[in-house]
Each structure stands twice: as structure tokens, then as C-alpha cells.
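Student: Would you mind keeping the following structure in view while I ask a few things?
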Amino acid sequence: MKELQHLNKYFLKYKTHLLIGVVITIAARIFLLYTPRYVKQIFVVVGEAKSGKITQEVFKAELLEAILYIVGAAIIGAILTFFMRQTIINVSRYIEFDLKNEVYEQYQKLSLNFYKNNRTGDLMNRITEDVGRVRMYAGPAIMYSINTFTLFVIVIIYMINASPKLTLYTVLPLPILSVIIYKLSKEIHKRSTIVQEYLSKLSTFTQESFSGISVIKAYGIEPQTATNFKSLALGSKEKQISLAKVQAWFFPMMILLIGTSNLLVIYIGGMQYINGEIESLGTIAEFIIYVNMLTWPVATVGWVTSIVQQAEASQKRINEFLKIEPEIKNAVATHTEITGDITFNNVSFTYDDTNIQALKGVSFNVKAGETLAIIGKTGSGKSTILDLIGRLYDINEGSIVINETKIEDLNLIDLRDNIGYVPQDAFLFSDSIKNNIKFGKENATDNEVIEAAKNAHVHKNIVKFNNGYDTVLGERGITLSGGQKQRVSIARAIIKSPKILLFDDCLSAVDTETEEKILKNLNKVSKGKTTIIVSHRVSSAKNADKIIVLDDGKIVQEGTHETLVDTEGYYKHLFLKQLSETNSDES
Numbered sequence: 001m002k003e004l005q006h007l008n009k010y011f012l013k014y015k016t017h018l019l020i021g022v023v024i025t026i027a028a029r030i031f032l033l034y035t036p037r038y039v040k041q042i043f044v045v046v047g048e049a050k051s052g053k054i055t056q057e058v059f060k061a062e063l064l065e066a067i068l069y070i071v072g073a074a075i076i077g078a079i080l081t082f083f084m085r086q087t088i089i090n091v092s093r094y095i096e097f098d099l100k101n102e103v104y105e106q107y108q109k110l111s112l113n114f115y116k117n118n119r120t121g122d123l124m125n126r127i128t129e130d131v132g133r134v135r136m137y138a139g140p141a142i143m144y145s146i147n148t149f150t151l152f153v154i155v156i157i158y159m160i161n162a163s164p165k166l167t168l169y170t171v172l173p174l175p176i177l178s179v180i181i182y183k184l185s186k187e188i189h190k191r192s193t194i195v196q197e198y199l200s201k202l203s204t205f206t207q208e209s210f211s212g213i214s215v216i217k218a219y220g221i222e223p224q225t226a227t228n229f230k231s232l233a234l235g236s237k238e239k240q241i242s243l244a245k246v247q248a249w250f251f252p253m254m255i256l257l258i259g260t261s262n263l264l265v266i267y268i269g270g271m272q273y274i275n276g277e278i279e280s281l282g283t284i285a286e287f288i289i290y291v292n293m294l295t296w297p298v299a300t301v302g303w304v305t306s307i308v309q310q311a312e313a314s315q316k317r318i319n320e321f322l323k324i325e326p327e328i329k330n331a332v333a334t335h336t337e338i339t340g341d342i343t344f345n346n347v348s349f350t351y352d353d354t355n356i357q358a359l360k361g362v363s364f365n366v367k368a369g370e371t372l373a374i375i376g377k378t379g380s381g382k383s384t385i386l387d388l389i390g391r392l393y394d395i396n397e398g399s400i401v402i403n404e405t406k407i408e409d410l411n412l413i414d415l416r417d418n419i420g421y422v423p424q425d426a427f428l429f430s431d432s433i434k435n436n437i438k439f440g441k442e443n444a445t446d447n448e449v450i451e452a453a454k455n456a457h458v459h460k461n462i463v464k465f466n467n468g469y470d471t472v473l474g475e476r477g478i479t480l481s482g483g484q485k486q487r488v489s490i491a492r493a494i495i496k497s498p499k500i501l502l503f504d505d506c507l508s509a510v511d512t513e514t515e516e517k518i519l520k521n522l523n524k525v526s527k528g529k530t531t532i533i534v535s536h537r538v539s540s541a542k543n544a545d546k547i548i549v550l551d552d553g554k555i556v557q558e559g560t561h562e563t564l565v566d567t568e569g570y571y572k573h574l575f576l577k578q579l580s581e582t583n584s585d586e587s
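Its first residue numbered 1, the sequence shown is counted upward by one per residue in full-length UniProt numbering.
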């Protein structure tokens, strides 16, 4: 139960609903317990009528009164049971909602390193399957526990008042039941943890298969993928069956023990009646009803125990992520103004997951409103610079200064709000094109969306779709071509009109003619904004105020297009190579 203590704050939050639920539960059980008492009364009245102690009129009146009491108590008990479920079960839904939001907010805070080390399917499983199992503990398990405890206490009191000796024999099997439940609970907890781990593996495999379905089809590996899925599913099935086998012991044991109690009531009660220790057969009938009223609550003890064990296993998995401290923290609560002046001072950075040093003593300055182009080979550290400016990672050595303030001392929300970022791998959501562009500015008007699309040179493509800007994209924007996805991503970045624009090789999937038109529009849009363009093409970098060339994480060249073209080095060789390719294409 240690892991489930995390939910105590939610129980305190909804304590009023829970207390009302508890009161209603107790009241409902009390009304339902009128039945056995009046059943006993009916037996007494029948006995008195048979022996002639009362007249037929009195017999009918007392019988009708008892029946009316039983029916009335049953109706009131049923109504209260309805409200009991409405209070306690609703609380479990509130807790499920809050816990899912807590997990999701934690996911949002965690750094990119976390997502590199954890699979999407596992993350999804924890926020769906695991939270769902915890909800069962917060609702049904608590409701039935209160219900069972209340019923037990009241029934035992009534039974002792009726016949202490018969009560003792009736509850004799219960300690045996407790030992069995304890033994089985430990095994259920162990097997539940394994089941949840397999569900995560299954979710991860399924999610990755659907995301990469085009690659699977292109390589014709559907049979192999299906075999791998079947293998995982078979493993999951075996673990589920293993858990079910243990759980299956509960109900047979309950029925056996309750049946034993019934036999004891009939035998011991019968002997007591013969010996004159109890006055009426109605007492035996009353006890049998009490025992059968305890049948379901006793049976739910096993079910509730199973739920609690599964919930604890799930909450443990959830807590593992909730306890992770975010690597990137916003240490500044006050608002900070961002103008766009960026300085790297001897910055070095190494990726934790691969131990690759991406940057080695990099230093440069971009003044507010200037454009910087970064050129270099694949793996030279270009994209890393953009990630560090957005503070997706924290540096190992040196300092990054924005607005004459170290980046760690800036309000993280303000920093990212003032950045328009177009990643190398354009990611679009499974939503309309309009909403994908408005992702950069939620309150943007339709005219602003169209203007941004025009500047990204994608408007003409969008209007050709049947639903235009309302066209809903497939997962990861699969409906669009690579170039269209990049241009929609550009529109999403420029629509928010940020102080800093970061373009990470975002024109690699468009032809040179389209690139030229987009760059012309970007020059107009980016006026007064600090712009950093990462590219493999000289054509994307030539109009920048400053160009740096990276190689193996170091700046090997720096200057304007004109100075670098006249200087021997990587930039000049790249320029001549791409110039000859362009001339060759034109001829």
C-alpha cells in the first residue's frame, strides 16, 4: 500500500464526497438489514397463528406489515445504494482525471533525454492502462471495502444479539479465509507487475508498427512483423492466464466457506432449536439470510484485494516517472523580456545517452535582428546549437547569453514563447492544416493563417485539397509530401511572429526554385528578428549577415558569404560543387 499513498492528496481533495458516500453506504446497509429481522418476524407470526395464539385477522395484519416493511426497506436501500455509487464512483473518475493530468504534466516537464530512453508505447500504457487500474482502487475497491466493513459490523452485532453461540460457529471459517486471501494477494501482486510490463511492451510494439507502416510495407516484412507481434501477444496471454489462475481461486474458496457457514447454521441452529436454546425457527431463517447477505461482501474481499494489488503495481510504475526530477528547470518566476541578442561563450556539450561530444568550445554572437547561417557536414553539431538556444538541453561547459543574461536565468516559458522553431524532421499533428499552422498562435485569424502559408509558399498547394485548410492530416502529417510538411512547419513558426526564428535544414525537401521564393519571403518576415538558419545548401546561407562553418563540433570558418567564397576551405568547396550541380541541371 506504500505506493498508493500518492493518492492520499486526492482523497483529501474530495473528502466531502467520500464522507457523504460513507454515510450513505452505512444508511443503505442498515435499511437492507431490515429484511432478515422481518423474515424472522413472519416465522414467529406464522407459528403463533398455527398454534392459535392470534386470530387470522391479526395474522394477516402483522404479515402485511412485515411485508411492507421489507419492501419499503428494500426500496430505500436501493435508492441509497444508487447515490452511494454516484458519490464514491464519481470520486474515482475525478481522481483518474487529476492523475492523468499530473502524469501528462510531468511528461511535458521531462527533458528530451527522458524520451530518448523511454518508448512511446510504455509512456502511453502508464497514462491509460495503469491509471485505469488505479481508478478501480480509488472507486470500486473503496466502495466495496466500506460496504463490506459496514455490513460485517452491523450483521455481526445483529447475529450476536440473536444467538452468540450460533454466531461463533457461523463466523468460524472467516479466519481461514483471511489466511488464504493474504497468501493469494502476494502472488497476485507479483504477477500483476509482470502483466503490466508485458502490456507496455505490446503497446510499444504496436505503436511503432503503426507509425512505421510505410517502411514495413515498403520492405515487405508484414509476415515477420506479424510473427513478432504474435510472439509478444502470446507472452502477454501467458502472463494474463497465469494471473487469472491465481485470481480464479478466490470465488470457489468464498463459495465453499460460505456454504460451510450455511451448513453450520442449519445443523447447529437446528440442534439448538430442538434443545430449546432458541425460541423460533425464524432465528435459523434469519441467520441463513445474514450468512447469504455476507456471501457477496466476503467474495468481494478477494476481488478488492486483487484490485488493490494490481493498482499498487500500476501506481508503482506511475510513481517511477512522477519521481523523476526534470533536468531542465524554470528557476525564474518573474517575466523576462527577450530581444534576441544571442552569444555562445566557449560552449561544449555532450549527449548523455550516446556520450558523443557534439560541440567543442563554440563561440559566436548574433545581434538582435541579424541572420546567422550555420553550414557543416552531417553530425557536425548544427542542430545541437538550435536545441541549446531553445534550452532543450543544458550545456556542460561555457555559457549561452541572451539579452546579456545567462540562459539558465531567463524565464523558460518566456524564452520558448519568443522562439519560432522549425525542426529538421517536420512534425505535424493528426489535425486540420489550419490547426497545425495555428499551433504556433492559437488565437490566429484565418487571414493570418493564409498569410503565413503564403509566406511559406504552401498556400497554393493547400487550396488544391478538397477541404482546403480544413483538410485533416494523417498521423505525423503523412497526407502531405516532405516539402509540403516542411513548408507548413515554417508557416507554423512565422505565424507567432517571435523574436527568434530557428530553421533547421527546413528546405531540404524543396527544389531550388521553391527554396528561392521561400527565402525571399522569409527575408521579409524575419526583418527585426534574430534568425538562425541551419542548412546544407549555400543558397540558403548566402544572404545571412554572418555564416559559421562547423566541423566535428568546432567552428572552422566564420564570415560573410563574400569573404568565405574567397577563402580556401569547406564553404568555398561546397559553393563551387553546388554551383556546378546547378549549372549542370540548367543545361
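We put the beta carbon where it would ideally sit given N, CA and C, even for glycine.
Determine the direct distance from the alpha carbon of Ser92 to that of Ile142, and round the result to whole angstroms.
Tutor: What you label residue 142 is simply residue 142 of the sequence shown in a count that begins at 1. What you label residue 92 is simply residue 92 of the sequence shown in a count that begins at 1. Using only the alpha carbons, I get a separation of about 9 Å.
Student: Classify Ser399 as helix, strand or coil using the three-state DSSP reduction.
Tutor: Locating residue 399 in the sequence shown gives position 399, where the first residue counts as 1. DSSP places Ser399 in strand when its eight states are reduced to three.
Student: Can you grab the Cα-Cα spacing for the pair Leu123 / Ser200, in whole Å?
Tutor: In the sequence shown, counting from the first residue as 1, residue 123 sits at position 123. In the sequence shown, counting from the first residue as 1, residue 200 sits at position 200. Rounded to whole angstroms, Leu123 to Ser200 spans 8 Å at the Cα level.
Student: For Gly569 versus Val549, is the C-beta distance shorter than 8 Å?
Tutor: The residue labelled residue 569 in the question sits at position 569 within the sequence shown. The residue labelled residue 549 in the question sits at position 549 within the sequence shown. Yes, Cβ-Cβ distance for Gly569 and Val549 is below 8 Å.
Student: Given Glu558, which residues of its chain have a CB within under 6 Å of its CB, disregarding the five upstream and five downstream residues?
Tutor: Taking the first residue of the sequence shown as position 1, residue 558 is located at position 558. If we look at Glu558 and ignore the five residues flanking it on each side, its Cβ neighbours are Ile548.
Student: So Thr336 and Leu388 are in contact, right, with Cβ under 8 Å, and what is the actual spacing, rounded?
Tutor: Walking along the sequence shown from the start, residue 336 turns up at place 336. Walking along the sequence shown from the start, residue 388 turns up at place 388. Thr336 to Leu388, Cβ: 18 Å. No contact.
Student: Select from Leu202, Gly483, Lys485 and Ser432 the residue whose C-alpha is nearest the C-alpha of Gly468.
Tutor: The residue given as residue 468 occupies position 468 in the sequence shown. Ranking Leu202, Gly483, Lys485 and Ser432 by Cα distance to Gly468 puts Ser432 first.
Student: Assuming contact is defined by CB atoms lying nearer than 8 Å, are Tyr169 and Leu264 in contact in what I supplied?
Tutor: On the sequence shown, residue 169 is found 169 positions in, with the first residue counted as 1. On the sequence shown, residue 264 is found 264 positions in, with the first residue counted as 1. Yes. Within cutoff.
Student: With DSSP run on the structure shown, which of helix, strand or coil describes Val171?
Tutor: By one-based count along the sequence shown, residue 171 stands at place 171. In this structure, Val171 counts as coil in the three-state DSSP scheme.
Student: Below 7 Å CB to CB, which residues in the same chain sit around Ser508 once its five sequence neighbours on both sides are set aside?
Tutor: Here the question's residue 508 lines up with position 508 in the sequence shown. Correct list, in chain order: His536.
Student: Where do the N-terminal and C-terminal ends of the alpha helix (DSSP H) with Thr227 fall, by residue?
Tutor: Counting from 1 along the sequence shown, the entry for residue 227 is found at position 227. Counting along the chain, the alpha helix (DSSP H) containing Thr227 begins and ends at Glu222 to Gln247.
Student: Please report whether the beta-carbon of Arg85 lies at a distance below 8 Å from any beta-carbon of chain E.
Tutor: Considering every chain present, this structure includes no chain E. It has just one protein chain.
Student: Beta-carbon within less than 8 Å of Lys527's beta-carbon, same chain only, minus the 5 sequence neighbours each way: which residues are those?
Tutor: Looking up residue 527 in the sequence shown gives position 527. The residues are Gly369.
Student: If you run the structure through DSSP and keep just helix, strand and coil, what is Ala373?
Tutor: Within the sequence shown, residue 373 is the residue found at index 373, counting from 1. Of the three classes helix, strand and coil, the one that applies to Ala373 here is strand, per DSSP.
Student: So, do the region 197-214 and the region 108-125 have three or more beta carbon pairs nearer to each other than 8 Å?
Tutor: At 8 Å Cβ cutoff, the stretches touch.
Student: State buried or exposed for His573, treating a residue as buried only when at least 16 other CB atoms are found within 10 Å of its CB.
Tutor: Stepping through the sequence shown from its first residue, residue 573 is reached at position 573. Classification of His573: exposed, given that the 10 Å Cβ count is below 16.
Student: Let's test the definition: count the other Cβ atoms within 10 Å of the Cβ of Gln310 and tell me whether it reaches 16, buried, or not, exposed.
Tutor: For the purposes of this step, residue 310 is taken as the residue at position 310 of the sequence shown. Burial call: buried.
Student: Going by other Cβ atoms of all chains shown within 10 Å of its Cβ, with 16 needed for buried, is Ile490 buried or exposed?
Tutor: In the sequence shown, residue 490 corresponds to position 490, counting from 1. By the 10 Å Cβ count, Ile490 comes out buried.
Student: Take Ser111 and list the residues in its own chain whose beta-carbon comes closer than 8 Å to its own, dropping the five residues that flank it on each side.
Tutor: The count along the sequence shown starts at 1 and reaches residue 111 at position 111. Closer than 8 Å at Cβ, skipping near neighbours: Pro326, Glu327, Ile328, Leu392 and Tyr393.
Student: For the candidate residues Ile288, Met253 and Ile342, whose alpha-carbon lies nearest to that of Glu404?
Tutor: Taking the sequence shown and counting its residues from 1, the one referred to as residue 404 is at position 404. Selected option, being the one with the closest Cα: Ile342.
Student: To which residues does DSSP link Leu502 through a beta bridge?
Tutor: Taking the sequence shown and counting its residues from 1, the one referred to as residue 502 is at position 502. Bridge partners of Leu502: Tyr421 and Ile532.
Student: Using DSSP with H/G/I as helix, E/B as strand and the rest coil, what is Asn455?
Tutor: Numbered from 1 along the sequence shown, position 455 holds the residue referred to as residue 455. Looking at Asn455 - three-state DSSP - the assignment turns out to be helix.
Student: Taking the beta strand (DSSP E) that Gly559 belongs to, which residues open and close that run?
Tutor: Taking the first residue of the sequence shown as position 1, residue 559 is located at position 559. It spans Lys554 to Gly559 - the beta strand (DSSP E) in which Gly559 sits, taken as one unbroken run.
Student: Assess, as a yes-or-no matter, whether the region 20-31 is touched by the region 78-95 under the definition of 3 or more beta carbon pairs within less than 8 Å.
Tutor: At 8 Å Cβ cutoff, the stretches touch.
Student: What are the start and end residues of each continuous alpha helix (DSSP H) run of 4 or more residues lying completely inside the region 25-81, in chain order?
Tutor: List check, alpha helix (DSSP H) in window: 34-51.
Student: Would you tell me roughly how many angstroms separate the C-alpha atoms of residue 589 and Asn346, rounded to the nearest one?
Tutor: Since the first residue of the chain shown is 1 and the last is 587, residue 589 is not available in this structure.
Student: Please classify Ile241 as buried or exposed, where buried requires at least 16 neighbouring CB atoms within 10 angstroms.
Tutor: For this step, residue 241 is matched to residue 241 along the sequence shown. The residue in question, Ile241, is exposed, as its Cβ has fewer than 16 Cβ neighbours within 10 Å.
Student: Does DSSP put Asp545 in a helix, in a strand, or in coil?
Tutor: Taking the first residue of the sequence shown as 1, we reach residue 545 at position 545. Coil.
Student: To the nearest whole angstrom, what separates the beta carbons of Ile518 and His561, a pair I think is in contact under 8 Å?
Tutor: For this step, residue 518 is matched to residue 518 along the sequence shown. For this step, residue 561 is matched to residue 561 along the sequence shown. The Cβ separation is near 18 Å, so there is no contact.
Student: Short check: CB of Thr167 to CB of Ile156, under 8 Å?
Tutor: Against the sequence shown, residue 167 aligns to sequence position 167. Against the sequence shown, residue 156 aligns to sequence position 156. Contact flag set, yes.
Student: What's the gap between the Cα of His189 and the Cα of Ser236?
Tutor: Mapped onto the sequence shown, residue 189 falls at position 189. Mapped onto the sequence shown, residue 236 falls at position 236. Rounded to whole angstroms, His189 to Ser236 spans 16 Å at the Cα level.
Student: When you compare each of Gly379, Phe321 and Thr339 to Val401 by their alpha carbons, which one comes out closest?
Tutor: Taking the sequence shown and counting its residues from 1, one reaches residue 401 at position 401. For the residues Gly379, Phe321 and Thr339, the minimum Cα distance to Val401 belongs to Thr339.
Student: Find the nearest neighbour of Val291 within the set Lys485, Ser306, Leu257 and Asp505, judged by alpha-carbon distance.
Tutor: Sequence index remark: in the sequence shown, residue 291 carries index 291 (1-based). When only C-alpha atoms are compared, the closest one is Leu257.
Student: Where Asn365 and Arg135 are concerned, what is the direct C-alpha to C-alpha distance, given to the nearest angstrom?
Tutor: The count along the sequence shown starts at 1 and reaches residue 365 at position 365. The count along the sequence shown starts at 1 and reaches residue 135 at position 135. Between Asn365 and Arg135, the C-alpha separation is close to 53 Å.
Student: What separation, rounded to the nearest whole angstrom, lies between the Cα atoms of Lys382 and Ile375?
Tutor: Against the sequence shown, residue 382 aligns to sequence position 382. Against the sequence shown, residue 375 aligns to sequence position 375. Using only the alpha carbons, I get a separation of about 7 Å.
Student: Given a threshold of 16 other Cβ atoms within 10 Å of its Cβ, counted over all protein chains shown, does Phe439 qualify as buried or as exposed?
Tutor: Taking the sequence shown and counting its residues from 1, the one referred to as residue 439 is at position 439. The residue in question, Phe439, is buried, as its Cβ has 16 or more Cβ neighbours within 10 Å.
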